[in-house]
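In this note's numbering, the protein residues as written are 43 to 379. Some notes on the structure that comes next.
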């Protein structure tokens, strides 16, 4: 029906109790009609689920203003979490998010295909719906935890499930991210904030036969280390190890003779007093980070600590030069190769 100037009437306001995402059943219980649920101010990300379009628009505007490092990863996680919350309104009882969906929720370094991965324990039937990739999991092969009110496979179980689709080096990077010990703004470590432990990864790998991925999991686990905080660091570590370079200490605190903390570096070759810094693009584009790096390296130089800086260009690509760069630095400091 149109008014005198030929414009359609705007949809009736929605009850605030519904929030930005809700199920059709919740809306009907609040007194909305089925016709109202088909109005053009709503979208349907999943069957029997509605989302306010203005909510999506607000989120997209906020993401467009994000110019800080890792904005793309934050935007991916925001979209996935929104979809998880939306589908949570109609999620079958006892089902849980798993695989890449759980990994993104934990901020693990994986991409997301768009479909939510939802699992159930056997003998329940895996959910089937548009936008949903259902999986059925044996009860002994996964544990769960709650994130923001949503049931999700535990980090270690998520890691083990990803072995079906990731290569070994990718699994090592995810494992490194799980066992990494976070630091606060003052550089203090917080082991209680780590997503998981090496023992938990071991338990997940040994939970039971996962043909053909059990061998892959165990091989990747042998290479997981506490202290690598990015896939780029993992790549360097694995390349350097394969090339026969000395084994460095990871996430090392560089201190002055009096004990003052000068900085924290990714790799430290103690015998040769050499640190290797693996720098993402934010070290170049973030002015505060750039100034901090200059001060840190000057302080390192004052106490005789050598520095080699590597970027993705040195570590990845058809002709990575990271091994040659670090090997030369080590030899200048006495390594006989």
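Cβ coordinates follow ideal geometry from the N, Cα and C atoms, glycine included.
CA-to-CA distance, residue j to residue i, given in whole angstroms
{"i": "residue 207", "j": "residue 371", "result": "37 Å"}
{"i": "residue 353", "j": "residue 103", "result": "31 Å"}
{"i": "residue 48", "j": "residue 158", "result": "In this prediction, residue 48 scores a pLDDT of 41, lower than 50, which makes its location untrustworthy; the coordinate-derived value is nonetheless stated afterwards. Rounded to the nearest angstrom, the two C-alpha atoms are 42 Å apart."}
{"i": "residue 127", "j": "residue 99", "result": "17 Å"}
{"i": "residue 244", "j": "residue 263", "result": "7 Å"}
{"i": "residue 326", "j": "residue 334", "result": "Bear in mind that the predicted position of residue 326 carries a pLDDT of just 49, short of 50, making it too unreliable to give a figure here."}
{"i": "residue 119", "j": "residue 196", "result": "17 Å"}
{"i": "residue 52", "j": "residue 82", "result": "9 Å"}
{"i": "residue 224", "j": "residue 212", "result": "20 Å"}
{"i": "residue 163", "j": "residue 154", "result": "23 Å"}
{"i": "residue 147", "j": "residue 356", "result": "30 Å"}
{"i": "residue 314", "j": "residue 307", "result": "15 Å"}
{"i": "residue 311", "j": "residue 301", "result": "19 Å"}
{"i": "residue 280", "j": "residue 287", "result": "10 Å"}
{"i": "residue 44", "j": "residue 73", "result": "In this predicted model, residue 44 has a pLDDT of only 44, less than 50, meaning its place in the structure is not dependable enough to derive any value."}
Residue range of the unbroken alpha helix (DSSP H) whose run includes residue i
{"i": "residue 167", "result": "Premise fails: residue 167 is in no alpha helix (DSSP H) and is neither H nor E."}
{"i": "residue 117", "result": "113-129"}
{"i": "residue 232", "result": "Looking at the DSSP string, residue 232 is not in any alpha helix (DSSP H), and its letter there is neither H nor E."}
{"i": "residue 278", "result": "273-284"}
{"i": "residue 370", "result": "364-374"}
{"i": "residue 356", "result": "354-357"}
{"i": "residue 293", "result": "Per DSSP, residue 293 belongs to no alpha helix (DSSP H); it is in the beta strand (DSSP E), 291-297."}
{"i": "residue 175", "result": "Not the alpha helix (DSSP H): residue 175 falls in the beta strand (DSSP E), residues 174-179."}
{"i": "residue 100", "result": "95-106"}
{"i": "residue 212", "result": "210-221"}
Residue from the options with nearest C-alpha to residue i
{"i": "residue 363", "options": "257, 282 and 312", "result": "282"}
{"i": "residue 130", "options": "165, 91 and 147", "result": "91"}
{"i": "residue 172", "options": "190, 182, 160 and 374", "result": "160"}
{"i": "residue 270", "options": "292, 170 and 235", "result": "292"}
{"i": "residue 226", "options": "115, 249 and 235", "result": "235"}
{"i": "residue 66", "options": "133, 111 and 217", "result": "133"}
{"i": "residue 181", "options": "246, 377, 308 and 190", "result": "246"}
{"i": "residue 169", "options": "340, 138 and 86", "result": "138"}
{"i": "residue 122", "options": "101, 109, 156 and 106", "result": "156"}
8 Å Cβ cutoff met for residue i and residue j
{"i": "residue 383", "j": "residue 345", "result": "Outside the shown range of the chain (43 to 379) lies residue 383, about which nothing can therefore be said."}
{"i": "residue 202", "j": "residue 238", "result": "no"}
{"i": "residue 62", "j": "residue 97", "result": "yes"}
{"i": "residue 348", "j": "residue 303", "result": "no"}
{"i": "residue 200", "j": "residue 144", "result": "yes"}
{"i": "residue 266", "j": "residue 221", "result": "yes"}
{"i": "residue 219", "j": "residue 274", "result": "no"}
{"i": "residue 250", "j": "residue 183", "result": "yes"}
{"i": "residue 93", "j": "residue 84", "result": "yes"}
{"i": "residue 278", "j": "residue 320", "result": "yes"}
{"i": "residue 318", "j": "residue 295", "result": "no"}
{"i": "residue 69", "j": "residue 60", "result": "yes"}
{"i": "residue 204", "j": "residue 152", "result": "yes"}
Residue span of the beta strand (DSSP E) that contains residue i, given as start and end
{"i": "residue 308", "result": "303-311"}
{"i": "residue 186", "result": "186-189"}
{"i": "residue 195", "result": "192-195"}
Short CB-CB distance (under 8 Å) between residue i and chain C
{"i": "residue 60", "result": "No chain C is present in this structure, which holds just one protein chain."}
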